[in-house]
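Since the structure comes first, as C-alpha coordinates, the remarks are kept for the end.
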(Lines of atoms letter the chains of each structure in order from A and count residues from 1; the text may use other names and numbers.)
(Lines give C-alpha, C1' and ligand atoms only; values in the text may rest on other atoms or scores of the structure.)
Protein backbone atom coordinates (compact mmCIF):
# COMPACT_ATOMS: atom_id res chain seq x y z
CA UNK A 1 0.00 0.00 0.00
CA UNK A 2 1.18 3.53 -0.83
CA UNK A 3 0.83 5.71 2.26
CA UNK A 4 3.09 8.66 1.48
CA UNK A 5 1.96 11.61 -0.70
CA UNK A 6 5.67 12.03 -1.54
CA UNK A 7 5.77 8.67 -3.31
CA UNK A 8 7.07 8.94 -6.91
CA UNK A 9 3.95 7.29 -8.34
CA UNK A 10 1.74 9.76 -6.50
CA UNK A 11 3.74 12.68 -7.84
CA UNK A 12 3.40 11.31 -11.36
CA UNK A 13 -0.38 11.00 -11.02
CA UNK A 14 -0.62 14.59 -9.79
CA UNK A 15 1.36 15.74 -12.84
CA UNK A 16 -0.98 13.87 -15.16
CA UNK A 17 -3.97 15.38 -13.39
CA UNK A 18 -2.75 18.94 -13.69
CA UNK A 19 -0.59 19.15 -16.82
CA UNK A 20 -1.87 18.39 -20.31
CA UNK A 21 1.72 18.43 -21.59
CA UNK A 22 2.59 15.51 -19.29
CA UNK A 23 -0.49 13.57 -20.38
CA UNK A 24 0.37 14.06 -24.04
CA UNK A 25 4.01 13.12 -23.50
CA UNK A 26 3.10 9.84 -21.83
CA UNK A 27 -0.04 9.11 -23.87
CA UNK A 28 -2.30 8.69 -20.85
CA UNK A 29 -5.35 10.18 -19.18
CA UNK A 30 -7.03 9.62 -15.83
CA UNK A 31 -10.56 8.65 -14.85
CA UNK A 32 -12.09 8.48 -11.41
CA UNK A 33 -14.91 6.44 -9.95
CA UNK A 34 -16.42 2.97 -10.21
CA UNK A 35 -18.56 3.74 -13.26
CA UNK A 36 -15.64 5.08 -15.30
CA UNK A 37 -13.53 2.07 -14.33
CA UNK A 38 -16.32 -0.37 -15.11
CA UNK A 39 -17.02 1.06 -18.57
CA UNK A 40 -13.39 1.53 -19.63
CA UNK A 41 -12.26 -0.83 -22.41
CA UNK A 42 -9.93 -3.34 -20.79
CA UNK A 43 -7.13 -2.74 -23.30
CA UNK A 44 -7.17 0.98 -22.51
CA UNK A 45 -6.51 0.51 -18.78
CA UNK A 46 -2.86 0.70 -17.84
CA UNK A 47 -3.05 0.64 -14.03
CA UNK A 48 -5.46 1.30 -11.18
CA UNK A 49 -5.07 2.87 -7.72
CA UNK A 50 -7.72 2.33 -5.08
CA UNK A 51 -8.29 2.55 -1.35
CA UNK A 52 -8.93 -0.54 0.76
CA UNK A 53 -12.60 0.44 1.06
CA UNK A 54 -12.91 0.73 -2.72
CA UNK A 55 -11.19 -2.62 -3.16
CA UNK A 56 -13.65 -4.27 -0.79
CA UNK A 57 -16.55 -2.70 -2.67
CA UNK A 58 -15.19 -4.00 -5.99
CA UNK A 59 -14.96 -7.50 -4.52
CA UNK A 60 -18.75 -7.50 -4.23
CA UNK A 61 -19.08 -6.97 -7.99
CA UNK A 62 -17.97 -10.17 -9.70
CA UNK A 63 -17.45 -8.65 -13.16
CA UNK A 64 -15.61 -5.54 -11.95
CA UNK A 65 -13.32 -7.54 -9.68
CA UNK A 66 -12.55 -10.01 -12.47
CA UNK A 67 -11.60 -7.04 -14.62
CA UNK A 68 -9.41 -5.57 -11.89
CA UNK A 69 -7.51 -8.84 -11.53
CA UNK A 70 -6.38 -8.51 -15.16
CA UNK A 71 -4.82 -5.09 -14.54
CA UNK A 72 -1.86 -3.96 -12.41
CA UNK A 73 -3.35 -2.29 -9.35
CA UNK A 74 -2.16 -0.88 -6.07
CA UNK A 75 -3.90 0.14 -2.87
CA UNK A 76 -3.35 3.60 -1.42
CA UNK A 77 -4.29 5.34 1.80
CA UNK A 78 -7.24 7.74 1.91
CA UNK A 79 -4.76 10.61 2.28
CA UNK A 80 -2.90 9.57 -0.85
CA UNK A 81 -6.12 9.14 -2.83
CA UNK A 82 -7.17 12.66 -1.81
CA UNK A 83 -3.81 13.91 -3.11
CA UNK A 84 -4.09 12.09 -6.44
CA UNK A 85 -7.77 12.75 -7.15
CA UNK A 86 -9.14 15.79 -8.95
CA UNK A 87 -12.58 15.51 -7.34
CA UNK A 88 -13.51 17.01 -3.97
CA UNK A 89 -14.93 13.74 -2.62
CA UNK A 90 -13.17 10.90 -4.47
CA UNK A 91 -14.84 7.50 -4.65
CA UNK A 92 -11.53 5.82 -3.87
CA UNK A 93 -10.64 4.46 -7.30
CA UNK A 94 -8.51 6.12 -9.96
CA UNK A 95 -7.57 4.52 -13.28
CA UNK A 96 -4.72 5.40 -15.64
CA UNK A 97 -5.78 4.84 -19.24
CA UNK A 98 -3.92 4.81 -22.54
CA UNK A 99 -5.07 7.51 -24.95
CA UNK A 100 -6.99 6.06 -27.90
CA UNK A 101 -5.97 6.87 -31.46
CA UNK A 102 -8.33 7.32 -34.39
CA UNK A 103 -7.60 7.82 -38.09
CA UNK A 104 -9.43 10.57 -39.96
CA UNK A 105 -9.98 8.96 -43.35
CA UNK A 106 -11.83 5.83 -42.13
CA UNK A 107 -14.08 8.04 -40.00
CA UNK A 108 -14.95 10.26 -42.97
CA UNK A 109 -15.73 7.19 -45.05
CA UNK A 110 -18.43 5.92 -42.69
CA UNK A 111 -21.75 5.53 -44.47
CA UNK A 112 -24.05 8.51 -43.95
CA UNK A 113 -21.76 9.92 -41.26
CA UNK A 114 -22.73 12.63 -38.79
CA UNK A 115 -19.93 14.86 -37.52
CA UNK A 116 -19.39 17.68 -35.04
CA UNK A 117 -16.50 20.00 -35.94
CA UNK A 118 -15.28 22.32 -33.18
CA UNK A 119 -13.20 25.45 -33.66
CA UNK A 120 -11.46 26.96 -30.61
CA UNK A 121 -14.01 25.71 -28.06
CA UNK A 122 -12.48 26.58 -24.69
CA UNK A 123 -14.69 25.29 -21.88
CA UNK A 124 -13.85 21.72 -20.76
CA UNK A 125 -17.39 21.21 -19.51
CA UNK A 126 -18.86 22.22 -22.86
CA UNK A 127 -16.57 19.82 -24.67
CA UNK A 128 -17.45 16.95 -22.34
CA UNK A 129 -21.16 17.66 -22.69
CA UNK A 130 -20.84 17.71 -26.48
CA UNK A 131 -19.17 14.30 -26.36
CA UNK A 132 -21.96 12.92 -24.16
CA UNK A 133 -24.71 14.41 -26.32
CA UNK A 134 -22.97 13.19 -29.46
CA UNK A 135 -23.20 9.62 -28.23
CA UNK A 136 -26.91 10.02 -27.63
CA UNK A 137 -27.50 11.44 -31.11
CA UNK A 138 -25.40 8.82 -32.87
CA UNK A 139 -22.61 11.14 -34.00
CA UNK A 140 -19.88 9.38 -35.99
CA UNK A 141 -17.01 11.51 -34.66
CA UNK A 142 -16.15 14.79 -32.96
CA UNK A 143 -13.32 16.57 -34.75
CA UNK A 144 -11.49 19.56 -33.28
CA UNK A 145 -8.74 22.00 -34.12
CA UNK A 146 -5.78 22.11 -31.76
CA UNK A 147 -6.91 25.34 -30.08
CA UNK A 148 -9.94 23.51 -28.71
CA UNK A 149 -9.85 22.49 -25.04
CA UNK A 150 -7.99 19.33 -24.04
CA UNK A 151 -10.42 16.43 -24.24
CA UNK A 152 -8.40 14.64 -21.52
CA UNK A 153 -8.83 17.48 -19.02
CA UNK A 154 -10.32 15.88 -15.85
CA UNK A 155 -13.35 18.20 -16.04
CA UNK A 156 -13.98 17.17 -19.65
CA UNK A 157 -13.63 13.49 -18.79
CA UNK A 158 -16.21 13.79 -15.98
CA UNK A 159 -18.64 15.67 -18.23
CA UNK A 160 -18.51 12.92 -20.86
CA UNK A 161 -20.00 10.45 -18.37
CA UNK A 162 -18.24 7.61 -20.16
CA UNK A 163 -18.88 8.75 -23.74
CA UNK A 164 -15.13 9.34 -24.09
CA UNK A 165 -14.93 5.54 -24.50
CA UNK A 166 -17.52 5.30 -27.26
CA UNK A 167 -17.45 8.42 -29.43
CA UNK A 168 -14.44 8.63 -31.79
CA UNK A 169 -12.62 11.96 -31.65
CA UNK A 170 -9.49 13.56 -32.98
CA UNK A 171 -7.66 16.84 -33.34
CA UNK A 172 -6.56 18.12 -36.74
CA UNK A 173 -3.90 20.67 -37.63
CA UNK A 174 -6.02 22.60 -40.11
CA UNK A 175 -9.82 22.78 -40.25
CA UNK A 176 -9.64 24.19 -43.78
CA UNK A 177 -7.94 21.00 -44.96
CA UNK A 178 -10.56 18.97 -43.10
CA UNK A 179 -13.44 20.81 -44.79
CA UNK A 180 -11.89 20.34 -48.22
CA UNK A 181 -11.59 16.62 -47.52
CA UNK A 182 -15.19 16.50 -46.35
CA UNK A 183 -16.32 18.23 -49.52
CA UNK A 184 -14.39 15.69 -51.61
CA UNK A 185 -16.22 12.90 -49.76
CA UNK A 186 -19.64 14.54 -50.29
CA UNK A 187 -20.14 15.42 -46.65
CA UNK A 188 -22.36 18.51 -46.47
CA UNK A 189 -21.22 21.12 -43.95
CA UNK A 190 -23.36 23.55 -42.00
CA UNK A 191 -22.03 26.46 -39.95
CA UNK A 192 -24.01 27.38 -36.86
CA UNK A 193 -23.98 31.13 -37.37
CA UNK A 194 -25.94 34.21 -36.36
CA UNK A 195 -25.75 35.45 -39.96
CA UNK A 196 -27.69 32.42 -41.17
CA UNK A 197 -30.77 33.24 -43.24
CA UNK A 198 -32.49 29.89 -42.68
CA UNK A 199 -33.39 28.03 -39.52
CA UNK A 200 -31.77 24.65 -39.02
CA UNK A 201 -35.21 23.00 -39.03
CA UNK A 202 -35.62 23.89 -42.70
CA UNK A 203 -32.57 21.95 -43.87
CA UNK A 204 -32.12 18.27 -44.66
CA UNK A 205 -29.45 16.40 -42.72
CA UNK A 206 -30.35 12.93 -43.96
CA UNK A 207 -27.15 12.57 -45.98
CA UNK A 208 -23.59 12.72 -44.60
CA UNK A 209 -23.47 15.92 -42.55
CA UNK A 210 -21.05 17.96 -40.45
CA UNK A 211 -22.00 20.78 -38.10
CA UNK A 212 -19.39 23.49 -37.46
CA UNK A 213 -19.45 24.98 -33.96
CA UNK A 214 -17.27 27.89 -32.91
CA UNK A 215 -15.76 29.48 -29.84
CA UNK A 216 -18.11 30.29 -26.94
CA UNK A 217 -17.50 34.03 -27.18
CA UNK A 218 -16.56 34.66 -30.79
CA UNK A 219 -18.28 31.91 -32.72
CA UNK A 220 -16.72 30.53 -35.89
CA UNK A 221 -13.95 32.40 -37.62
CA UNK A 222 -14.97 33.92 -40.97
CA UNK A 223 -12.40 31.75 -42.74
CA UNK A 224 -13.95 28.51 -41.49
CA UNK A 225 -17.60 29.61 -41.60
CA UNK A 226 -17.28 30.72 -45.21
CA UNK A 227 -16.13 27.25 -46.25
CA UNK A 228 -19.39 25.69 -45.06
CA UNK A 229 -22.02 24.77 -47.63
CA UNK A 230 -24.56 26.85 -45.73
CA UNK A 231 -25.13 28.89 -42.59
CA UNK A 232 -27.92 27.78 -40.28
CA UNK A 233 -29.38 29.60 -37.32
CA UNK A 234 -31.36 28.64 -34.25
CA UNK A 235 -34.57 30.60 -33.51
CA UNK A 236 -34.33 32.64 -30.31
CA UNK A 237 -36.59 35.08 -28.54
CA UNK A 238 -35.81 37.72 -25.97
CA UNK A 239 -32.52 39.57 -26.09
CA UNK A 240 -30.27 36.54 -26.52
CA UNK A 241 -27.59 36.72 -29.18
CA UNK A 242 -26.47 33.10 -28.92
CA UNK A 243 -26.87 29.84 -27.04
CA UNK A 244 -24.33 27.84 -25.09
CA UNK A 245 -22.15 25.90 -27.55
CA UNK A 246 -23.15 22.52 -26.15
CA UNK A 247 -26.86 23.42 -26.26
CA UNK A 248 -26.59 24.61 -29.87
CA UNK A 249 -24.76 21.42 -30.81
CA UNK A 250 -27.43 19.30 -29.14
CA UNK A 251 -30.24 20.99 -31.08
CA UNK A 252 -28.49 20.47 -34.41
CA UNK A 253 -27.40 16.86 -33.98
CA UNK A 254 -30.73 15.79 -32.53
CA UNK A 255 -32.52 17.35 -35.49
CA UNK A 256 -30.28 15.23 -37.71
CA UNK A 257 -31.14 12.19 -35.59
CA UNK A 258 -34.85 12.98 -35.83
CA UNK A 259 -34.69 13.27 -39.61
CA UNK A 260 -32.77 10.03 -39.94
CA UNK A 261 -34.94 7.99 -37.57
CA UNK A 262 -37.87 5.93 -38.78
CA UNK A 263 -40.86 6.53 -36.52
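Residue numbers (the numbering used here): 1146 to 1408. Glycine included, C-beta positions come from ideal geometry on N, C-alpha and C.
The DSSP assignment places 1320 to 1329 as complete runs of the alpha helix (DSSP H) inside the segment 1306 to 1366, in order along the chain (cut-off: 4 residues). Per DSSP, the beta-bridge partners of residue 1378 are 1344. Less than 7 Å separates the beta-carbon of residue 1390 from that of residue 1266. Residue pairing by DSSP places residue 1260 opposite 1286, 1355 in a beta bridge. Inclusion of residue 1365 and residue 1264 in the CB contact set at 7 Å is warranted, their separation being smaller than that value. Under the 10 Å beta carbon count, residue 1240 is surrounded by 16 or more other beta carbons and is classified as buried. In the pairwise beta carbon analysis, the segment 1221 to 1239 is classified as touching the segment 1196 to 1207: at least three pairs are separated by under 8 Å. Contact between residue 1191 and residue 1173 holds, with the beta-carbon distance rounding to 6 Å and staying under 8 Å. Here the C-alpha atom of residue 1373 lies approximately 34 Å from the C-alpha atom of residue 1170. Residue pairing of residue 1240 in beta bridges, as defined by DSSP: 1176, 1193. In the three-state reduction of the DSSP assignment, residue 1399 falls in the helix class. Per the DSSP secondary-structure output, residue 1220 pairs in a beta bridge with 1195.
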